[in-house]
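**Q**
Numbering (this note's numbering), first residue to last: 58 to 342.
Next comes the structure, spelled out in structure tokens:
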């Protein structure tokens, strides 16, 4: 397996791979790899010939007071996990390699950045879109694999690729969960044992909304939102930011629950801010 911190070396290697007919899979990460990342890497390895895992804690997507400095970093551990899962290349550049100078051109996300996570983290998705554009430019034509756990990010990236005509196929990968339902996340490492137990409330809240839609046939968005909220607020160690029902493609709140919606939830347990989501499908009348 190749480990490189050089953007030029990565680009040259992948260009040569494509010249001999090999397909490229890219999984962008911020490191702190876990079972969810490994599952995505294994899928990429099954579907493409050369798998690149990028590891870059992107300063552009962190706001003031967020956990940029504290974000867990262990390159050797991440390299070993990526290799075990089937990665051929780990691209782990420094901030100076990616941004030798303060960028004068960045990507601006419009309405999609103003809702849900964007409303709580101003500028976050502009930072995400900028770094993903840069990574895709370096990777060239590829399949780009993103987890559904960060659902809003996945939607933003899909629009980014479509709107800017980037030569990538975006592949969404299902959320990987612990047996008790907690979505795997790098930020779970921040949780104490008590907070870890409390964090399962995100999944149980989503299940309450899903049951309202799929078992009770609820079409009123406010009623589904309330079903999630009441469960979330029972957990004293969880501070709810939002529980929302949205169209899965546009992230807008529909006038009523249609055939398919996405349920999203976010909040804080201890010093960890956690997000999660589930699809819900209602039988049309």
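We treat Cβ as the ideally placed atom computed from N, Cα and C, and that holds for glycine.
1) Using the Cα positions of residue 248 and residue 329, report the straight-line distance between them to the nearest angstrom.
2) Where does residue 221 fall in DSSP's three states?
3) Determine whether the beta carbon atoms of residue 125 and residue 119 lie at a separation below 8 Å.
4) Within this structure, are the beta carbons of residue 150 and residue 85 separated by less than 8 Å?
5) When DSSP labels each residue in this structure, what does residue 163 get in the three-state scheme?
6) Identify every run of the alpha helix (DSSP H) within the stretch 101-164, keeping only runs that are complete inside it and at least 4 residues long; order them along the chain.
7) Can you tell which of 127, 107, 74 has its C-alpha closest to the C-alpha of residue 87?
8) Going by DSSP in three states, residue 215 sits in which element: helix, strand or coil?
9) Near residue 103, which residues of its chain fall below 6 Å by C-beta distance, leaving aside the five closest residues on each side in sequence?
10) Tell me which same chain residues have a C-beta within less than 7 Å of the C-beta of residue 320, skipping the five on either side of it?
11) DSSP three-state call for residue 232: helix, strand or coil?
12) Could you tell me which of 115, 139, 77 sits nearest to residue 91, measuring between CA atoms?
13) In the structure shown, what three-state DSSP assignment does residue 183 receive?
14) What's the C-alpha gap between residue 146 and residue 71?
15) Excluding the five sequence neighbours on either side, which residues of its own chain have a C-beta within less than 7 Å of the C-beta of residue 191, listed in chain order?
16) For residue 314, tell me which candidate among 135, 280, 290, 332 has the shortest Cα-Cα distance.
17) Give a yes or no on whether the C-beta atoms belonging to residue 187 and residue 164 are separated by under 8 Å.
18) Could you tell me which uninterrupted alpha helix (DSSP H) segments, each at least 4 residues in length, are contained entirely in the stretch 268-333, listed from first to last along the chain?
19) By Cβ distance below 8 Å, which residues in the same chain neighbour residue 214 in space, the five residues on each side in sequence not counted?
20) Tell me the rounded alpha-carbon separation between residue 198 and residue 224.
**A** Reading it off the structure:
1) Taking the Cα positions, residue 248 is about 7 Å away from residue 329.
2) coil
3) yes
4) no
5) coil
6) 132-142, 152-155
7) 127
8) helix
9) none
10) 263, 266, 267, 285, 302, 334, 335, 337
11) coil
12) Checking every option, the nearest Cα to that of residue 91 belongs to 139.
13) helix
14) 10 Å
15) 155
16) With respect to the C-alpha of residue 314, the residue from 135, 280, 290, 332 having the closest C-alpha is 280.
17) yes
18) Entirely contained in the stretch 268-333, the alpha helix (DSSP H) runs reaching 4 residues are, in chain order, 278-289.
19) Excluding sequence neighbours, residue 214 sits near 185, 186, 189, 201, 203, 227.
20) 5 Å
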